[in-house]
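J.: Okay, handing you the structure first.
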Amino acid sequence: MYKIAVLDDDSLWCLAIERCLKNDFEVSTFNYADALLQEIIQDIHRYDLIMVDLSLPSEYYKEIDGRKLIRYLRETLPEPPLLVLATAFISKNDLASGEVICPEVDAFLAKDAGLVEIQQQIKQLLNNQKR
């Protein structure tokens, strides 16, 4: 079973995405970047996909936002998992601009697409990676 980590400061979003994905994936949610990074340091191959909220609020993350974290993971891990940014600030119709915002991501997901569509996109990403 694929393992997914979700980093988002919104605990309700974490709960919703975890409930949506838990039948198909092993899901771990994190509200703080430090906790996620600690898990990755302990086992760099722990996750197949990491979904990070684009706009982690600065009051919690003084030095890092979603883009910087993705960049850090891409540059630091020898074999990074699939890296996905999720945001509520860009609609699913504007996803092309996501590549400009953070070219290091493997995919950019709009939260307004809905949980079922996000689940399908994650399945597709993981299946494409397997090939």
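Be aware that the sequence shown starts at 1, since it is given in the numbering used here, and climbs by one per residue.
All C-beta atoms in this analysis are idealised placements derived from N, C-alpha and C, irrespective of residue type, glycine included.
Taking its Cβ as the centre, do 16 or more other Cβ atoms sit within 10 Å of T29, making it buried, or is it exposed?
T.: Classification of T29: buried, given that the 10 Å Cβ count is 16 or more.
J.: Let me check understanding here. Comparing Cα to Cα, which of Q129, L12, P81 and K111 lies closest to I40?
T.: The shortest Cα separation from I40 among Q129, L12, P81 and K111 belongs to P81.
J.: Output the residue ranges of the beta strand (DSSP E) runs that lie fully inside the segment 20–94 and measure 3 residues or longer, sorted by chain position.
T.: Counting only runs of 3 or more, we get 26–30, 49–53 and 82–87.
J.: Going straight from the alpha carbon of I122 to that of Y72, what length do you get?
T.: Looking at the two C-alpha atoms, the distance is approximately 22 Å.
J.: Is L82 near the ligand HEM, going by C-beta to nearest heavy atom under 7 Å?
T.: With respect to the ligand HEM, the structure offers nothing, as it holds no ligand at all.
J.: In whole angstroms, what separates the C-alpha of V27 from that of K3?
T.: Cα to Cα, V27 sits roughly 6 Å from K3.
J.: Tell me which same chain residues have a C-beta within less than 6 Å of the C-beta of L125, skipping the five on either side of it?
T.: Only L82 and A107 meet the Cβ criterion.
J.: Candidates D48, K111 and Q120: which alpha carbon is nearest Q129's?
T.: Of the candidates D48, K111 and Q120, the one whose C-alpha sits nearest the C-alpha of Q129 is D48.
J.: For D34, count neighbouring C-beta atoms within 10 Å of its own C-beta (all shown protein chains included) and say buried if the count is 16 or more, exposed if not.
T.: Answer is exposed; the Cβ neighbour count stays below 16.
J.: From the DSSP output, in three-state form, read off V105 for me.
T.: Residue state, collapsed to three classes: coil.
J.: Note down, in chain order, each residue of its chain lying with its Cβ closer than 6 Å to the Cβ of I50, except the 5 sequence neighbours on either side.
T.: Excluding sequence neighbours, I50 sits near A5, P81 and L83.
J.: Can you tell me which of L7, G114 and D43 puts its alpha carbon nearest to the alpha carbon of L77?
T.: Of the candidates L7, G114 and D43, the one whose C-alpha sits nearest the C-alpha of L77 is D43.
J.: Short of 7 Å in beta carbon distance, which residues of its chain neighbour S11, apart from the five on each side in sequence? Order them along the chain.
T.: These residues qualify, in order along the chain: N31.
J.: Please list the terminal residues of the continuous beta strand (DSSP E) segment that includes K3.
T.: Segment K3 to L7, the beta strand (DSSP E) holding K3.
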